[in-house]
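Here is the structure we will look at, set down as structure tokens.
Right, dumping it as structure tokens:
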């Protein structure tokens with residue numbers, strides 16, 4: 082089963098996407114935590130890049146000042162409740178993160194959640210980062226229950242930085258190598274339900 086893609090078009094022309102991780106709401110209190118979270122995001126981006134066979138490359142333009150204005154094409158941060166975009170978070174439980182395809186180009190994590198950087202306790206940030214970055218790149222939800230792009234966060238999918246075959250086929254269809262002339266696609270769905278991940282106990 083192929084992870085449903087948006088429309089088969091690259092949203093960055095040269096194959097390189099700039100990204101930044103900021104903390105403008107000062108929700109990541111310790112510098113060590115900030116660095117650990119940024120490393121998880123970097124690794125999640127690398128997984129998508131590697132899985133695309135190099136069709137997607139990422140450039141880190143994160144500011145030294147966490148509260149600095151946005152720089153990257155993809156802006157990544159933690160937030161709570163109403164934080165200035167079209168989708169307010171709902172507190173602990175429910176929607177744990179959301180993202181938006183360009184021109185917004187965002188990935189937001191709900192700071193009200195109990196996050197884990199190693200998958201042992203709380204929400205596995207590695208999995209959710211992979212999922213939301215997939216949306217920001219243009220992938221929609223997959224019906225494959227083993228896919229990172231499945232719409233629900235489940236404990237059994239806490240597998241670190243690993244994509245399913247369905248995820249890999251989806252990103253390669255959306256971002257084929259330059260020498261490839263084929264691409265699988267479906268129509269754009271602007272529904273917000275395709276841009277977030279929810280927690281479920283199932």
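Numbering (this note's numbering), first residue to last: 82 to 283.
Note that CB positions come from ideal geometry on N, CA and C, so glycine has one too.
Next on the checklist: Is it buried or exposed, residue 212, if we count other Cβ atoms within 10 angstroms and call 16 or more buried?
Outcome noted: buried
Checklist entry - Do the CB positions of residue 170 and residue 189 come within less than 9 Å of each other? => result yes
Next on the checklist: For the pair the segment 98-109 and the segment 220-232, tell me if three or more CB-CB distances fall below 8 Å.
Outcome noted: no
Checklist entry - Just curious, the alpha helix (DSSP H) that residue 108 is in, first and last residue? => result Looking at the DSSP string, residue 108 is not in any alpha helix (DSSP H), and its letter there is neither H nor E.
Next on the checklist: Comparing C-alpha positions only, which one of 100, 215, 136 sits nearest to residue 120?
Outcome noted: 100
Checklist entry - Is the segment 134-147 touching the segment 179-193 in the sense that three or more CB pairs, one from each, lie closer than 8 Å? => result no
Next on the checklist: Please report the distance separating the alpha-carbon of residue 160 from that of residue 130.
Outcome noted: 26 Å
Item to check | Straight-line gap, residue 137 to residue 245 (C-alpha atoms, nearest Å) | outcome: 18 Å
Checklist entry - If you count every other CB in all the chains shown that lies within 10 Å of the CB of residue 112, and 16 or more means buried, which is it? => result exposed
Item to check | Runs of beta strand (DSSP E) wholly within the segment 145-228 (minimum 3 residues, chain order) | outcome: 155-160, 176-181, 187-191
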